[in-house]
Amino acid sequence: MRHLFRDAEPAGGDFGRLMIDEVTWYMRENKVTRGELAQAMGVSPGRVSQILSGDENLTLRTLSSVVEALGAQIEFSLRPVDEALA
Numbered sequence: 001m002r003h004l005f006r007d008a009e010p011a012g013g014d015f016g017r018l019m020i021d022e023v024t025w026y027m028r029e030n031k032v033t034r035g036e037l038a039q040a041m042g043v044s045p046g047r048v049s050q051i052l053s054g055d056e057n058l059t060l061r062t063l064s065s066v067v068e069a070l071g072a073q074i075e076f077s078l079r080p081v082d083e084a085l086a
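Given below as structure tokens:
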């Protein structure tokens, strides 16, 4: 299992950017193209590019749609900032 945000700074980071990085990592590891993601989401490839650009405010609804289309799930946990990642 890959630990979300392992290589990212735990505090003050851009949560949306971290989520997009995680999605693009998953797509690369599972050989999913943007076109395939667009088709699974029922949107245009241009819309997928907008989502993955990180330039817009990523909503939980949009993130949920992306994750569902990928056939994946999100796991995350909250921990104190000063707690070391294991």
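In the UniProt record's numbering, the protein residues as written are 1 to 86. Note that the Cβ used here is the ideal one computed from N, Cα and C, for glycine as well. All figures in this text were calculated on a predicted structure; none of them were measured in a lab.
Item, Value
"Span separating the alpha-carbon of residue 6 from that of residue 21", "Unreliable positioning characterises residue 6 in this predicted model, as indicated by a pLDDT of 48, which lies under 50. A coordinate reading is not provided."
"Coil, strand or helix - residue 89 by DSSP", "No answer is possible for residue 89: it lies beyond the span of the chain, which begins at 1 and ends at 86."
"DSSP three-state assignment for residue 55, whether helix, strand or coil", "coil"
"Exposure of residue 81, with buried meaning 16 or more beta-carbon neighbours within 10 Å", "exposed"
"Within 9 Å, strictly: CB atoms of residue 48 and residue 34", "yes"
"Exposure of residue 58, with buried meaning 16 or more beta-carbon neighbours within 10 Å", "buried"
"Cα-Cα separation between residue 10 and residue 39, rounded to whole angstroms", "Bear in mind that the predicted position of residue 10 carries a pLDDT of just 43, short of 50, making it unreliable; the figure below should be weighed with that in mind. Roughly 33 Å separates the two Cα atoms."
"Cα-Cα separation between residue 31 and residue 67, rounded to whole angstroms", "15 Å"
"Distance, residue 37 Cα to residue 46 Cα", "11 Å"
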